[in-house]
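Residue numbering for the sequence shown follows our numbering, starting at 1 and increasing by one per position. Note that beta-carbon positions come from the ideal geometry of N, C-alpha and C, so glycine has one too. What follows is a single structure, written as structure tokens, with notes after it.
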Amino acid sequence: MSSQQTTDSPQIKLTYEWAEGFRKKDLGVIAKLLHEDHRRITYPQSLGIPEQTKEEYIQQMTEIINVWTDGCELTLHSIIETPGTLVVHFTNKANTSLGVEMVRESIMIGQIVTDEDGSLKIKRIEEFTDSKSYLDLLKALGEARAKVNK
């Protein structure tokens, strides 16, 4: 942990932990940071991605992470913090076994709450994502799934 991270707020430290979970392909870390009543909404709505529960989100991310050929390069560009809210602008890149490089830029608005055990959890995320890159990845995942199910 850098000296900068030791002086950051608990919410900012949560963001660093979240990013590190993706870099290491560790969904256990990600799941631990999500509140049991977690909801995830992906924008733009034209993507047609329904709101997801914690379980649905972890299931989708498991499918995505399983096709990464190595870890994810996740760059945090900026973080804006107010009590109970984080706005995070980031880019993530990963090579996949599907022949599609995942390169996605997003802005996420996260609602942060204190759990019963006193730890901070992410209760809600609204993600505004690079729609072309995301659709390319989802299409490749769907095609790979169809080949397996034949």
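CB of residue i within 8 Å of CB of residue j, strictly
{"i": "Glu-25", "j": "Gly-71", "result": "The sequence given here has Lys at residue 25, not Glu. Yes; because the gap between Cβ atoms is below 8 Å, this pair is in contact."}
{"i": "Lys-121", "j": "Asp-115", "result": "yes"}
{"i": "Arg-40", "j": "Ile-125", "result": "yes"}
{"i": "Thr-85", "j": "Ile-109", "result": "yes"}
{"i": "Val-87", "j": "Ile-107", "result": "yes"}
{"i": "Asn-92", "j": "Arg-104", "result": "yes"}
{"i": "Leu-74", "j": "Thr-15", "result": "no"}
{"i": "Ile-58", "j": "Ala-31", "result": "yes"}
{"i": "Ser-46", "j": "Thr-69", "result": "no"}
Residues bridged to residue i [DSSP beta-bridge criterion]
{"i": "Thr-69", "result": "Looking at the DSSP assignment, Thr-69 forms no beta bridge with any residue, so it has no partner."}
{"i": "Arg-152", "result": "Only positions 1 to 150 of the chain appear in this structure, which leaves residue 152 out of reach."}
{"i": "Leu-74", "result": "Asn-92"}
{"i": "Val-87", "result": "Ile-80, Ile-109"}
{"i": "Leu-34", "result": "Ile-122"}
Supposed contact pair residue j and residue i - C-beta distance, whole angstroms, cut 8 Å
{"i": "Leu-34", "j": "Lys-54", "result": "5 Å"}
{"i": "Thr-62", "j": "Glu-127", "result": "At roughly 17 Å, the Cβ-Cβ gap does not stay under 8 Å, so Thr-62 and Glu-127 are not in contact."}
{"i": "Asp-8", "j": "Lys-123", "result": "That belief does not hold up - the Cβ atoms of Asp-8 and Lys-123 are roughly 20 Å apart, past 8 Å."}
{"i": "Met-102", "j": "Leu-137", "result": "5 Å"}
{"i": "Ile-12", "j": "Ile-79", "result": "6 Å"}
- Message: I'd like the ranges of any alpha helix (DSSP H) spanning at least 4 consecutive residues and lying wholly in the segment 41-69.
- Response: 54-65
- Which runs of the beta strand (DSSP E) fall wholly inside the segment 103-135 and span at least 3 residues, in chain order? 120-129
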